[in-house]
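Sequences listed follow chains A and B, in order. If you read the first sequence in our numbering, its first letter stands for residue 1, the second for the next number, and so on. If you read the second sequence in our numbering, its first letter stands for residue 1001, the second for the next number, and so on. Note that beta-carbon positions come from the ideal geometry of N, C-alpha and C, so glycine has one too. The block underneath contains the structure these notes are about, expressed in structure tokens.
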Amino acid sequence: MSQSHVNDNIDGFSNTNSSNDVPNNSTTVDQKSEILTWLSGLEPSIHHQDIQAYRADGVGDGLLQTEEYQKWIAGIPSRSDGSALLFYGGPGVGKTYIR
Amino acid sequence: MKESTVVGYFYFDFAAKEEPTPAAVLGSVLKQVIRGLDEVPERIVKAFQDRETVIGGHSITISETMEFLKYISSSRCVFICIDALDEYQARHRAKLLDSLNQILRGSPGIRIYLTGRPHIQTEVEEYLTGRLVTASITPTKDDIAAFIRAKLREGEMPEAMSEELEVEVERDIPETIPDR
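Right, dumping it as structure tokens:
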């Protein structure tokens, strides 16, 4: 019991110490959100959540097995340096909804 | 070994009320990337603080965004995903593609994923020469079958369709898809 109490104190002490080590310009949660707003007022994450919600399981999984995708994700050069991948297709084929 | 992967993304949409500028799109990508980090890198905090000293502040520029992405990509795997490039105004799209090419030139570790309708292919190739791999998306029989199954399951009135019809729909519609 007393052992655990001592440990708590040590933890408390070291926590205090480490927070003193953090420079004054360290970001708070508020500042982080202010910075994010400064970077852009656009919020694609809302749209992203909608897309996720309407995605059907198992559709388009084959694309992730294609040689083009596998090489790109692994960073293996093929016909080019392989840093960019374009999947193209007509309207409604499911480009937006690939997992 | 890089510690982790961070992703920045953007979806273009014809229906969007305002066309964002390329700088705003890239700023938004950077925002997603930074959300994936435990802490905002100090140089970005500094840029933010400096901007506060200017009256009215200023929005982030493309070159600032590029510099920050480059810095982050030195310690992380950075992926940039942009959906429906064809739904972005041609004038802006050219600038965006040019910027993406510059990002790849400056930060070889960054990887970019794009989608769009077929007519966009030549234009994207033009800007990302030597970097781009392209592939066509065509739904397979399996994709269509999985999609129909999922949609039938989530129907609001499952009893409205007889089981026979359901079986028929699940069996016959995928058969109309030609084999690849």
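Nearest to Ile98 (chain A) by C-alpha distance, out of B:Thr1115, B:Glu1170, B:Ala1160, is B:Thr1115.
Taking C-beta atoms as the reference points, Leu36 (chain A) and Ile1034 (chain B) count as a pair closer than 8 angstroms. Under the Cβ criterion (8 angstroms, minimum of three pairs), the region 1074-1091 of chain B counts as touching the region 1006-1014 of chain B. Residue environment: Leu1096 (chain B) is assigned as buried (16 or more neighbouring CB atoms within 10 Å of its CB, all protein chains considered).
Annotation: Trp72 (chain A) to Lys1017 (chain B) spans about 33 angstroms, alpha carbon to alpha carbon.
Any Cβ of chain B closer than 8 angstroms to the Cβ of Asp30 (chain A) would place that residue at the interface, and such an atom is absent. Closer than 8 angstroms to the CB of Leu64 (chain A) there is not a single CB belonging to chain B. Taking Ser1059 (chain B) as reference, the option from B:Glu1039, B:Ala1024, B:Tyr1071 with the minimal CA-CA separation is B:Ala1024. For Met1161 (chain B), the number of other beta carbons within 10 angstroms of its own is below 16, and it is reported as exposed.
Only residues of its own chain outside the window of five on either side were considered, and among them Phe1010 have a CB closer than 6 angstroms to the CB of Ser1028 (chain B), listed in chain order.
Selection A:Ser83, A:Leu42, A:Glu67 evaluated against Gly1130 (chain B) yields A:Ser83 as nearest (Cα-Cα). A check of alpha carbon separations from Leu64 (chain A) across B:Glu1042, B:Pro1022, B:Asp1143 identifies B:Asp1143 as the nearest.
When DSSP assignments are scanned along the region 1070-1120 of chain B, the uninterrupted stretches of alpha helix (DSSP H) that are 4 or more residues long and fall wholly within it turn out to be 1090-1106.
Using a Cβ-Cβ cut-off of 8 angstroms, Ala53 (chain A) does not count as an interface residue toward chain B, since no Cβ of chain B sits closer than that to its own. Listed in chain order, the positions of the region 1018-1031 of chain B with a beta carbon within less than 7 angstroms of a beta carbon of chain A are Pro1020, Ala1024, Gly1027, Ser1028, Leu1030, Lys1031. Close CB contacts of Leu85 (chain A) within its chain, under the 6 angstroms cut and outside five residues either way in sequence, are with Trp72 (chain order). At least one beta carbon of chain B lies nearer than 8 angstroms to the beta carbon of Ile35 (chain A). In the structure shown, Phe1010 (chain B) falls within a strand segment according to DSSP collapsed to helix, strand and coil. Taken in chain order, the complete alpha helix (DSSP H) segments of 4 or more residues contained in the region 41-81 of chain A are 44-54, 67-74.
Between Asp50 (chain A) and Ala1146 (chain B), the CB-CB gap reaches or exceeds 8 angstroms.
Under the three-state reduction of DSSP, Tyr88 (chain A) is assigned to strand. Residue range 1163-1175 is occupied by the alpha helix (DSSP H) that includes Leu1165 (chain B).
Here Ile76 (chain A) is exposed, its C-beta having fewer than 16 other C-beta atoms within 10 Å. Leu39 (chain A) places its beta carbon less than 8 angstroms from that of Leu1030 (chain B). The continuous stretches of beta strand (DSSP E) do not include Thr96 (chain A), and DSSP gives it neither H nor E.
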